[in-house]
Each structure stands twice: as C-alpha cells, then as structure tokens.
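Novice: In our numbering, the protein residues as written are 2 to 61. We treat Cβ as the ideally placed atom computed from N, Cα and C, and that holds for glycine. Keep in mind it's a predicted model, so treat the numbers as computed, not measured. Here it is: the structure, laid out below.
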Amino acid sequence: MSSKKSFVIRIDNDTYKALEKWAADEFRSVNGQIEWILNQKLKEAGRIKDENQSGAKAKK
Numbered sequence: 002m003s004s005k006k007s008f009v010i011r012i013d014n015d016t017y018k019a020l021e022k023w024a025a026d027e028f029r030s031v032n033g034q035i036e037w038i039l040n041q042k043l044k045e046a047g048r049i050k051d052e053n054q055s056g057a058k059a060k061k
C-alpha cells in the first residue's frame, strides 16, 4: 500500500459546497472526491500512468 501525503487546501465556500454535493452524489467523502478529481486530471494530462489501460497513455 502506498503512503499518502497530508496537506492543507484553502478553497472558497461555494467551491467547497459544490465539491461536497458532488462527493455525496457519488458516495465519497470530500477528501476522496478531491483525490479522485486530481487523479483523473493527472491521467488525462499523461502525468501519471493509467493502471486500467495496460500502460497506455490516457486519452485527451
């Protein structure tokens, strides 16, 4: 299991409320939703390997 880095994030109230709703809609915590969004964007940008594509670069 990989270790996770903790850090503080400052976002405006409206953004947090939108994240909170989106997370609830997908049965995730806000923290889990932020992590999911970041991972999706990193894969799309080709910054990290997409484990589901057998080493192939993620589509843009």
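(1) What did DSSP end up calling A46 once you bin it into helix, strand or coil?
(2) What did DSSP end up calling I10 once you bin it into helix, strand or coil?
(3) In three-state terms, what does DSSP make of K5?
(4) Could you tell me the alpha carbon to alpha carbon distance between R29 and I38, rounded to whole angstroms?
(5) Could you tell me whether the Cβ of Y17 comes closer than 9 Å to any Cβ of chain B?
Specialist: On the basis of the supplied data:
(1) coil
(2) coil
(3) coil
(4) 12 Å
(5) Protein chains in the displayed structure number just one, and chain B is not present.
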